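What follows is a set of notes on a single structure, which appears directly below.
Here you go:
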């Protein structure tokens, strides 16, 4: 469907195949939303030990973005019942929610990639204030970008900023540049930058990684597993967004009719299941967090220095890259007071 450069129509009637396609998307949105809400309930009662870690904060923000995306899709249920899309407050709300969710998902996917790069390559601890600043900046930017459209960009000649666009409501075709710059560009930049950061992260020389791994304790090794698992969040974002980007590309030049309806539905279904995919990934990450009661204490075995021809502990570390240690089970009171690992 194509509307040209003028204002979008005030209503659009679905054909039977179009209505069926939207039903599929709504079902996918409901599945993702149910999975996310179920996970949030689960987290309230089960995930307590690492509630304040950076990892969990970023993933929760990503899941909140997925919630907005799913809810924006579910709002199409009204169009399914009516058999047509109507211009109005419901339509404007759907457009704003969908845009906000897509931008937020792009931002927090990139933040996770940057956090992984820092953990694996720079190896610097991120202050809690910096983590919360990144979160606050992300959400503030999302709401600013969503509201700036109808408030500052919308003109009478081009009609409503949010309105009928394709088989649902979004930024109308009269604002092609805004579609590209205020949503698609964020998603594209997130995917590209995440890819670059992943390449840099995993380009660490094998011998350096091997030497570093010798000095890791149980907690460090467990955190490394968490990091390796977190890589899949940005990858999942790319996998779900690329099909939609390919399908949407002809629409930027007014050639959306050239894309088969079944292909649009397939790409949309993959995209709307992103919430479910991230929930599955999160449950995998949670399993990799080490429990404090299972974390041993590591004490340097100074007797080794006397058994290695007088070699000092410093020389052993320098020559072999590993500090000898003894494992001892921590006392119960020490476990309860043990701080959360910062990841």
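In this note's numbering, the protein residues as written are 2 to 344. Where is the CB? At the ideal position from N, CA and C, for every residue including glycine. Every value quoted in this text rests on a predicted model; they were computed, and no experiment measured them.
Chain-order list of residues whose beta-carbon lies under 6 Å from that of residue 265 (same chain, five-residue window excluded)
248
What is the DSSP secondary structure of residue 198, reduced to helix, strand or coil?
In this structure, residue 198 counts as helix in the three-state DSSP scheme.
Give the DSSP-derived three-state secondary structure of residue 87 in the structure shown.
strand
Give the secondary structure of residue 296 by DSSP, where H, G and I count as helix, E and B as strand, and everything else as coil.
Any reading at residue 296 is ruled out, since the residue's pLDDT is 40, under 50, leaving its predicted position unreliable.
Taking the runs of the beta strand (DSSP E) that are 3 residues or longer, which of them lie wholly in the segment 111 to 193?
The qualifying runs are 163 to 166, 169 to 172.
Could you tell me whether any Cβ in chain D is nearer than 9 Å to the Cβ of residue 45?
Within the model displayed, chain D is absent; a lone protein chain is all it includes.
State the DSSP-derived secondary structure class of residue 13, mapped to helix, strand or coil.
strand
Along the chain, where does the alpha helix (DSSP H) that runs through residue 63 open and close?
Residues 55 to 75.
Straight-line gap, residue 269 to residue 26 (C-alpha atoms, nearest Å)
6 Å
Work out the CA separation of residue 174 and residue 159 for me, nearest whole Å.
9 Å
Inter-residue Cα distance where the pair is residue 294 and residue 38:
Because the pLDDT at residue 294 is just 40, under 50, the model does not fix this residue reliably, and the value given afterwards should be weighed accordingly. Rounded to the nearest angstrom, the two C-alpha atoms are 29 Å apart.
So, are the CB atoms of residue 188 and residue 242 less than 9 Å apart?
yes
Neighbourhood of residue 142 by C-beta distance below 8 Å, restricted to the same chain and skipping five residues each side:
104, 108
Return helix, strand or coil for residue 28, following the three-state DSSP convention.
helix
For residue 21, count the other beta carbons within 10 Å of its own beta carbon; 16 or more makes it buried, fewer makes it exposed. Which is it?
exposed
Give the secondary structure of residue 1 by DSSP, where H, G and I count as helix, E and B as strand, and everything else as coil.
Any question about residue 1 goes unanswered here, given that the chain covers just 2 to 344.
Endpoints, the alpha helix (DSSP H) within which residue 235 is located:
233 to 249
Range covered by the alpha helix (DSSP H) that runs through residue 270
262 to 273
With the cut-off set at 9 Å, would you say residue 235 and residue 110 are in Cβ contact?
yes
Using the Cα positions of residue 322 and residue 120, report the straight-line distance between them to the nearest angstrom.
Reliability fails at residue 322, whose pLDDT of 47 lies under 50, so the model's placement of it is uncertain and no value is given.
Residue 18 (DSSP reduced to helix, strand or coil):
Of the three classes helix, strand and coil, the one that applies to residue 18 here is helix, per DSSP.
Should residue 197 go down as buried or exposed, given a rule of 16 or more other Cβ atoms within 10 Å for buried?
By the 10 Å Cβ count, residue 197 comes out exposed.
Would a C-beta distance cut-off of 9 Å place residue 14 and residue 84 closer than the cut-off?
Using a Cβ distance threshold of 9 Å, residue 14 and residue 84 count as a contacting pair.
With 16 as the cutoff for other CB atoms within 10 Å, does residue 272 come out buried or exposed?
Residue 272 should be labelled buried.
What's the gap between the Cα of residue 180 and the Cα of residue 172?
6 Å
Cα-Cα separation between residue 169 and residue 77, rounded to whole angstroms
6 Å
Could you name the residues of the same chain whose beta carbon sits closer than 6 Å to that of residue 308, not counting the 5 residues immediately before and after it, in chain order?
Bear in mind that a pLDDT of 48 at residue 308, under 50, signals an unreliable position, so the model cannot answer this.
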